[in-house]
Each structure stands twice: as structure tokens, then as C-alpha cells.
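The listed protein sequences derive, respectively, from chains A and B.
Here the working numbering is used: the first residue of the first sequence is 169, the next is one more, and so on.
Here the working numbering is used: the first residue of the second sequence is 169, the next is one more, and so on.
Glycine included, every Cβ here is placed at the ideal spot set by N, Cα and C.
Following: one structure in C-alpha cells, then a few remarks.
There are 2 protein chains.
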Amino acid sequence: MHPVIEWKDGTVVMLDQRLLPSEKKFIIHRGHLEVAGSIKDMVIRGAPAIGIAAAYGIALGVAELRDNPGLNTPGFLQSRFKAIVNAITATRPTAINLFWAAARMEKIFRENKQDYHLLREKLIAAAIALDKEDFEVNRRIGANGQTLLKNDSTVLTHCNAGALATAGYGTALGVIRAAVANGKTIRVMAGETRPYLQGARLTVWELQEDGIPVTLITDSMAGHVMKKGMIQAVIVGADRIAANGDTANKIGTYSLAILARHHGLPFYVAAPLSTIDADTPSGDTIPIEERDAAEVIYFQGRMTARPHTAVFNPAFDVTPAGLITAIITEEKVLVPDFSRAIASLPGLRQK
Amino acid sequence: MHPVIEWKDGTVVMLDQRLLPSEKKFIIHRGHLEVAGSIKDMVIRGAPAIGIAAAYGIALGVAELRDNPGLNTPGFLQSRFKAIVNAITATRPTAINLFWAAARMEKIFRENKQDYHLLREKLIAAAIALDKEDFEVNRRIGANGQTLLKNDSTVLTHCNAGALATAGYGTALGVIRAAVANGKTIRVMAGETRPYLQGARLTVWELQEDGIPVTLITDSMAGHVMKKGMIQAVIVGADRIAANGDTANKIGTYSLAILARHHGLPFYVAAPLSTIDADTPSGDTIPIEERDAAEVIYFQGRMTARPHTAVFNPAFDVTPAGLITAIITEEKVLVPDFSRAIASLPGLRQK
């Protein structure tokens, strides 16, 4: 599969995920404000992919200054860099990978800000490295997580935590891919994930491309299929995991966790260490983005309710750690007590 | 509000609910096969309204024979009547009101089959009476149920169990209307109800028409809004209630019942006695209609997943009696033990 995001000839190229599966179109970004716009408008989405886009966007913002005479003015680069980071991070509040990637780029800035040309190359190289690293991280998440999936089982997933949400391979879908690669027969049931339909449009599409059997359901059918014995495990990605294991993920995840618990099914979260936010003690303090009413009222221009309809459209919800069976990271599979498991992660201190 | 279905000048007139809220169009049915088609294609939906449509459809089928020379042949009317009833009842398997209404019409047939002209008038009168009766039944359900709703509360509902699903006023929405009429401040949160969006298209529309505050959410948000303390009760309609209280209703109802239980919220079912099927011992034997994949893959012609995508599209699910706080009928509010409560209903024996 073509990468969903790529640094190419001084531009950032993104697959426009809003048009899938109807159309496969790439957008070329020549400035960091365009990248910020594409993050906000969900051209690219998924916490790891947002992190990668942020890194490329910041590198692009600095590269844009190439011919700027202000570079000779003391303090100019510092203030411009701050503005670039602000523009990129002001796009979406929930996915911690956005802020994690920005922090990594800020470190490169601090270490190299004396030499603009060196800084520019270092930032570009750091963004490309972060991108490549995410792919490897996904492979390791897959390898660690696939041991949890039983042969000849059906796994329910929500939203898209796949190749399209990452540098490739995916977190939740990476676990499924790794299980299939290990010779297991795995069927996927994908919740369509209203309002943005990432499940229908993206997860179904990428699993079909890989030849992994997938059946589409509406989000409301989850309880019914569990009761019918059609599901053996639930696996989702994450946008931010608090220090106690509480997990913010696409709206609907919390409902699925309750339904899984009611039916005695394991509920797995698959995410890189970069999604764990040790500075957020619990899910109560994770900011939840609310998006425009139009996402619910319109579907590709077709009206589902009258335009003035009052809508509540939170993009994420928080699943308490107590409903999570295991959190699958590239380092290891974390099991309760998550507070202790997260505190003892060696990888976290390297952030 | 104009009735959703009406007998008019020897035809059956229905509001085409598939086009709401974009368009308000009425379809005139001149034959019972057209009525059967409209039930199957969901021009009209909602268990009580399906029952009314069935009664009118059967009356129309007999009226169609008006100039048929076969009426002079022994056995002709009997065999034609059977075919008419079969055509009407072969449309949708889950809503018991369809079969209940057909049984009422069959009783009229048995009592009046000797005289075609009398039979025809009796069947038309019976269908009109059933329609009027449903409206009165809804008012009584509302009066009984409104005592359960607290002042200044928000009620979550699913699908449309409103005026559009009945002769008028509604079952679940009738309870809300009665509470509002009694001076209570009630806000409604409506799940959009994928795939057919009856919540977004119909419930939001009819509550807006009545000036009752309503906020639209996607079905996946139910757990989140409950956790946030935004919901004080859940109320839904029913398509069939088994003798033990197990309740078939629009897909997604079962998930809501589990979520309500998890959050300690009351979960109410509002339905007429005609929805209780004393001959079905439990929910396990209620037939669940599966509808076309296209309902999930397309929304008004716009694609959500590729056309060949595998889809599971059950139209209903079954909520076990154990998850139901009370069943609100026109006779009384039933509370557990539902088996005993249903068995002792005087109204049921009059079916």
C-alpha cells in the first residue's frame, strides 16, 4: 500500500482519507499551515499518523523559511518556530502523539537552532526517522499482540487503527495482520464508526486490500453480534492513554468496552508507547474534542436531519482502565494493574 | 400532524417516511400488493403503524374484488382472502402487530364472509376502528408512562417510536409528550439509528415539530453521554414482546439496555398490548429480519464501503427481560416478574 504520508521533494504528500473508498487522491502540501489544515480536516487521522504529520509539518514550516531575510535577525527563528509548532498543535486536542511528535521536534530545534541549514536538515531527518520508527513499532505491537488472538476467531474492531492511521501496518489491525501472518484464521467484524465512517470507509477497505475477511456492521449491532457468539475478542487503537490506563479513543469505544465486559469478551487496546501520556493521571483530564454538527447532519452532502438540528458530536470517549483486558505496546503486553505496569515501562522515560 | 396513514376514497394514503425530513410526499395505494410493497420497503414502519397498514391493506384487497365475476364462484372469496393476508403478512417477520392486525381482520372475515358487500364494509370499518383505537391506546400509554419520567430530565430514545410509528402520538415519544403536557421539562437525546436513520430523520423531525428540545447523537455516543450524566432514563418502543418480557426492537436497543444497566439508569419499553405475543415464550424464538446490505453500504446513493463488501444487517435485536425496568402498556405499567405480569393482563385475552 502506498504510504499515507510521505516527505517528497520538499513537500508533504498525503493520501486524502476523506475520499476513500470512492477515490484515491493525494494532496501535496507546500506549507505547514496546509498541513495543519489537513490534520484538522481529517485528510489524515489516527493518533500515530497525526504524530507523523505533525513532525513533517514542523519540518516543512522551518524549510519554508529558507529564503527569508529575517533569518539574520536575532530571535526570528525562535519566534517563528514557536508559531509553527503552535499552528500544528492547535489542530486536534485529544491525540497525544501530536504533542509527543512536536516535543521531539522541539528537542531537535533546541540542539540545532544556531545553524539554520543544519537545523532544517536535522528536522527533516528527524521527521523521516519518526515515520520509519512508527512502522517498526507497529510491527512489534503486532508481534506482541498476535499471541492474544485465538486461531479461528472473529475480532471486532472500531474506527481505523490500521495502516491508514499509522506509518503503515497499523496498531489494532497490525495485531490482526500479525496473527494472520502467523497462520491463524482471523475474521474481522468492523463497526462502521459514525459519524465519520472510518470503519466502513477505511478499515473495510484496507482489510479487503489485504484479503483478510471482513464484515461490516453498524455500531449499534455490536451488542447483538456479541450475544450471538459471533465475536471472540475486541481490539481497538488509542488516541491517548493516561498514566492509570484510562484510554481515550474514537467515540463508541467506551460502549464497546462495556458490551465486551457484559459478554465476557476480552477487550484489547493496541498502541505505541508514544500514545501513553504519563503526565495525565487519569482519563478525567484528557481533553475531548467536539467536532462540527455537520458531520452528523450530513453524509457526503446528503441530509440526515434538518440543518438547524442540535447535535452533540464528541469525537472521542474515555474507556476506564477497569474495562481493559490488556494494552498491547511495542515493548510488551501490559496487564492490570496498569498504573504500575505503565510506571515501570523503560521506554516511557526515553520520550 | 397529518396522519401517517389514512383510508381515503377507497385508497390507502401513506406519508413516505423514507424521504423525511427532506421531503413530505404522500403515496396513494390502490391495491393491497402496493400496500405490501410499502410495508416491505419501509414507506411506513414502526410496529403499530405496520399493524394499521396491514388492516387497511387487507380491507383494500377485498375491496379490489368489487367487480370480480369470480365472487359468484364458491370458495373464490375464501381463497382470495387467504392470498391477500399472505401477501400482507409475508412482508416483515418481526413486528407482531402485523400478524395481530391480520388476525383481527380474519375474524371479521369469518363472521361476514357470506355477504361480500357487507364483508367489505365491515373490513373497512374494522381497519378504521383499529387505526383510531391505536391513537387512544397511545394516549393511555403516555398517561401511564409519564409518571415514570422525572421533571427536568433528559431521556434517551432510539429509532422512532413516535407519531410516525403509530396512528399518532406515539408509544415511547407518547410518554415523553404526556410528560411535557403534564408540565414537566423533558429534553430528548435521539440516537440517529443506523442504518435507516429513523432517529435522525423521524424522531428529531417530529419532536422539532412539537417544540420538544431534542439533541441528535450517533448511536456510538450512548455510553459516553450516560457516563457524563447527561441521561436520566432510556425509553424505547417494541416490535414484539415475548411472554417472559424479552423484547425485540430496532437493532441497537439491546446495546442501550446493557449501557443503561451499567450506568444504573432505568430502561423503559413503551408498547401497546398488541405488541405482546403471548404465544412466543421467550426472545429466543422471535424471528429477526435481516435486511439488504445496501442499507449499510449506501446512504441516499452515497457509498460508505465498496459495493461487494460483506455486511451483516439484522433489523432488530432482543433485549432480555432482565435488562428492562418496566414495560409501559395502555393497561398498566408492568414491572418484573414480567412473565407473571404479562400472564395476568386482562387485555391480552381479548386479542
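For A:HIS197, the enclosing beta strand (DSSP E) begins and ends at 194 to 197.
In the three-state scheme derived from DSSP, where H, G and I count as helix and E and B as strand, A:LEU332 is classed as helix. Excluding the 5 residues flanking it on each side, A:GLY451 has same chain C-beta neighbours closer than 6 Å at ALA410, ASP414, VAL486, in chain order.
Neighbours of A:PHE244 across chain B, judged by C-beta separation under 8 Å, do not exist; the nearest C-beta is about 45 Å away.
With respect to chain A, the C-beta atom of B:ASP387 has a partner C-beta closer than 8 Å. Contact check between the stretch 238 to 253 of chain A and the stretch 415 to 428 of chain A: fewer than three CB pairs, one atom from each, fall below 8 Å, which does not count as touching.
For A:GLY225, the CB contacts under 7 Å within the same chain, skipping 5 residues up- and downstream, are VAL180, HIS200, VAL203, ALA204, ILE256 in chain order.
Judged by pairs of C-beta atoms under 8 Å, the stretch 362 to 378 of chain A does not touch the stretch 451 to 460 of chain B, as fewer than three such pairs exist. DSSP, read as helix, strand or coil, puts A:ALA473 in coil.
For B:TRP268, the nearest beta carbon of chain A is not closer than 8 Å to its own beta carbon.
B:PRO381 and B:ARG345 have their C-alpha atoms spaced approximately 11 Å apart. Relative to A:VAL402, the option among A:ALA340, A:ASN481, A:PHE480, A:LEU365 whose CA is nearest is A:ALA340.
Residue contact check for A:THR477 against chain B: a CB pair falls below 8 Å. In its chain, beyond the 5 residues on either side, HIS200, ILE226, GLY229 have a beta carbon closer than 6 Å to the beta carbon of B:ILE252. Residue environment analysis places B:GLY359 among the buried positions, since at least 16 neighbouring C-beta atoms fall within 10 angstroms of its C-beta. Contact between B:ARG355 and B:THR262 is ruled out by a C-beta separation of about 30 Å, above the 8 Å threshold. In the three-state DSSP reduction, B:ILE380 falls in the coil class, being neither helix nor strand.
B:ASP283 and B:ASP445 have their C-alpha atoms roughly 32 Å apart. Two segments are said to touch when three or more pairs of C-beta atoms, one from each, lie closer than 8 Å; by this definition the stretch 281 to 301 of chain B does not touch the stretch 486 to 495 of chain B. A contact between stretches requires three or more CB pairs, one per stretch, nearer than 8 Å, and the stretch 208 to 226 of chain A meets this requirement with the stretch 184 to 193 of chain A. Cβ contact annotation for A:THR497 (same chain, cutoff 6 Å, sequence separation greater than five): LEU441, in chain order. Within 8 Å of the CB of A:TYR422, the CB atoms of chain B belong to GLY391, HIS392, LYS395, in sequence order along the chain. Not a single CB atom of chain A sits nearer than 8 Å to the CB of B:THR259.
Secondary structure note for A:MET357: its beta strand (DSSP E) is the uninterrupted segment 354 to 359. Using beta-carbon distances, A:GLN376 counts as an interface residue toward chain B, with a partner under 8 Å. Residue burial is scored here from C-beta neighbours: B:ASN412 has at least 16 other C-beta atoms within 10 angstroms and is therefore classed as buried. Chain-ordered, the chain B residues with CB closer than 7 Å to the CB of A:LEU427 read SER423, ILE426. Counting C-beta atoms within 10 angstroms of its own C-beta, A:ARG234 has fewer than 16 neighbours from the protein chains shown and is therefore classed as exposed.
One Cα belongs to B:ASP302, the other to B:GLY351, and the distance between them is close to 24 Å. Here A:TYR466 is bridged, per DSSP, to A:MET471. Linking A:ASN481 to B:THR386 through their CA atoms gives a straight-line distance of about 8 Å.
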